[in-house]
Amino acid sequence: MEILDLNNSTFLVNFSEEKDYLNALTGGPWVILDHYLVVHQWSHTFRTSDKPHRSVVAWVQLPELPIHFYHREVLFALGNLLGRTVKLDYHTEHMERGKFARIAVELDMNKPLKTRIRLDGFWQQVVYENLPEICFECGHIGHTESTCPTLIRPPTAEPQIQLINQESPPENSSAEPPAGYGPWMQVERKSRKQTRKGPNNQGASQRQSNGQKRGSR
Numbered sequence: 282m283e284i285l286d287l288n289n290s291t292f293l294v295n296f297s298e299e300k301d302y303l304n305a306l307t308g309g310p311w312v313i314l315d316h317y318l319v320v321h322q323w324s325h326t327f328r329t330s331d332k333p334h335r336s337v338v339a340w341v342q343l344p345e346l347p348i349h350f351y352h353r354e355v356l357f358a359l360g361n362l363l364g365r366t367v368k369l370d371y372h373t374e375h376m377e378r379g380k381f382a383r384i385a386v387e388l389d390m391n392k393p394l395k396t397r398i399r400l401d402g403f404w405q406q407v408v409y410e411n412l413p414e415i416c417f418e419c420g421h422i423g424h425t426e427s428t429c430p431t432l433i434r435p436p437t438a439e440p441q442i443q444l445i446n447q448e449s450p451p452e453n454s455s456a457e458p459p460a461g462y463g464p465w466m467q468v469e470r471k472s473r474k475q476t477r478k479g480p481n482n483q484g485a486s487q488r489q490s491n492g493q494k495r496g497s498r
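See the structure below:
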């Protein structure tokens with residue numbers, strides 16, 4: 282692995298092994314000294330002075346996805362509905378696990394996360410693995426409800442009342458229901474590694490890596 286220190290807190294990393302490159306790209310999120318390291322594939326148009334790249338690669342789960350959707354082309358298309366498909370989980374691609382399909386997707390941090398997608402007349406739930414911060418108010422990555430810009434409004438002279446129509450939508454409606462963001466849309470990936478603890482070791486290991494010919498902020 283070769284690391285080149287660029288400007289604007291950006292590093293270019295070259296890997297000699299593709300498996301290490303894919304692990305750096307999809308094995309995150311990577312946190313170093315409480316700072317989230319954004320990792321993305323290198324582009325020949327990338328400039329460190331450009332606006333920061335607002336995307337993150339994350340693993341997405343589709344619980345109880347019907348088995349007839351377990352085809353490589355179909356799974357790639359489903360991932361592209363959420364962002365840009367990067368790779369498929371080995372067990373998903375080879376149909377060795379049917380509890381959920383698992384897809385690595387590059388997500389646009391400027392857009393709210395999708396909690397469901399429409400498939401053959403039913404709503405398919407979407408769950409995200411190990412994302413650092415999700416706002417359950419607006420669905421965006423990178424902040425929580427306490428700092429959500431949609432909730433921070435200038436004070437008004439008079440209180441306002443908002444009327445909410447709580448009437449249930451008609452059955453068999455094809456309109457997308459409310460997003461309904463909440464903790465249920467997050468799942469933590471269990472690590473297979475056991476950390477050793479000692480008097481001067483808190484058992485935490487930190488890694489800094491970002492992909493084969495790629496820049497990161």
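Note that our numbering has the sequence shown beginning at 282, numbered continuously upward.
Every residue, glycine too, gets a C-beta built ideally from N, C-alpha and C.
Quick caveat, the model's predicted, so the values are computed rather than measured.
Let me check understanding here. Comparing Cα to Cα, which of I398, N295 and E410 lies closest to L363?
What you label residue 363 is simply residue 82 of the sequence shown in a count that begins at 1. Across the set I398, N295 and E410, the C-alpha of I398 shows the shortest separation from the C-alpha of L363.
V468 and Q342 closer than 8 Å at C-beta:
Reading the sequence shown from its first residue, position 187 is the one you call residue 468. Reading the sequence shown from its first residue, position 61 is the one you call residue 342. Cβ distance < 8 Å, so V468 and Q342 count as in contact.
Take the Cβ of A305 as the centre, count every other Cβ of all protein chains shown within 10 Å, and call the residue buried at 16 or more, exposed below.
Along the sequence shown, read from residue 1 onward, the residue named residue 305 stands at position 24. Buried, because 16 or more other Cβ atoms sit within 10 Å of the Cβ of A305.
Could you tell me which whole beta strand (DSSP E) segments of length 3 or greater appear in the region 319-392?
For the region 319-392, the continuous beta strand (DSSP E) assignments of 3+ residues that do not extend past its boundaries occur at 336-344, 365-369 and 381-389, in sequence order.
Going straight from the alpha carbon of P430 to that of C416, what length do you get?
Mapped onto the sequence shown, residue 430 falls at position 149. Mapped onto the sequence shown, residue 416 falls at position 135. Here the alpha carbons of C416 and P430 stand approximately 10 Å from one another.
Nearest by alpha-carbon distance to E283: which of A385, T326, F296 and R328 is it?
Numbered from 1 along the sequence shown, position 2 holds the residue referred to as residue 283. Nearest C-alpha to E283 among A385, T326, F296 and R328: F296.
Here's a check: name, in chain order, each residue in its chain whose Cβ is nearer than 8 Å to the Cβ of E426, leaving out the five neighbours to either side.
As a position in the sequence shown, residue 426 is number 145, starting the count at 1. Cβ neighbours of E426 beyond the five flanking positions: C416, F417, E418 and L432.
Who pairs with L303 in a beta bridge, going by DSSP?
Stepping through the sequence shown from its first residue, residue 303 is reached at position 22. Secondary-structure assignment with DSSP links L303 through no beta bridge to anything.
Selected residue, minimal CA-CA separation from F327, among R353, F350, N361 and L287
Residue 327 sits at position 46 when you count from the first residue of the sequence shown. Ranking R353, F350, N361 and L287 by Cα distance to F327 puts L287 first.
How many angstroms separate the CA atom of V355 from the CA atom of P464?
Residue 355 sits at position 74 when you count from the first residue of the sequence shown. Residue 464 sits at position 183 when you count from the first residue of the sequence shown. Rounded to whole angstroms, the gap between the alpha carbons of V355 and P464 is 28 Å.
For P450, three-class secondary structure by DSSP:
Here residue 450 is taken as the residue at index 169 of the sequence shown, counted from 1. Confidence at P450 is low in this model, with a pLDDT of 46, below 50, so its placement is unreliable and no value can be given for it.
Tell me whether the beta-carbon of S324 lies closer than 8 Å to the beta-carbon of N289.
Counted from its first residue, the sequence shown places residue 324 at position 43. Counted from its first residue, the sequence shown places residue 289 at position 8. Cβ atoms of S324 and N289: not closer than 8 Å.
DSSP beta-bridge partners for D286?
Counted from its first residue, the sequence shown places residue 286 at position 5. BP columns for D286 point to F292.
Can you tell me the Cβ-Cβ gap for R335 and N411, rounded? I've got them flagged as a contact below 8 Å.
Stepping through the sequence shown from its first residue, residue 335 is reached at position 54. Stepping through the sequence shown from its first residue, residue 411 is reached at position 130. At roughly 18 Å, the Cβ-Cβ gap does not stay under 8 Å, so R335 and N411 are not in contact.
Assign E414 to one of three DSSP states: helix, strand, or coil.
Along the sequence shown, one-based indexing puts residue 414 at 133. When DSSP states are grouped into helix, strand and coil, E414 belongs to the coil group.
heavy atom of the ligand COA below 7 Å from Y351 C-beta:
As for the ligand COA, it is missing from this structure, which has no ligand bound.
For the candidate residues G423, L314, K300 and L346, whose alpha-carbon lies nearest to that of F403?
Along the sequence shown, one-based indexing puts residue 403 at 122. Cα-wise, what sits closest to F403 is L346.
Considering only the alpha carbon of each residue, which of K300, E377, Y409 and E414 lies closest to L318?
Numbered from its first residue, the sequence shown carries residue 318 at position 37. Relative to the Cα of L318, the nearest Cα in the group K300, E377, Y409 and E414 belongs to E414.
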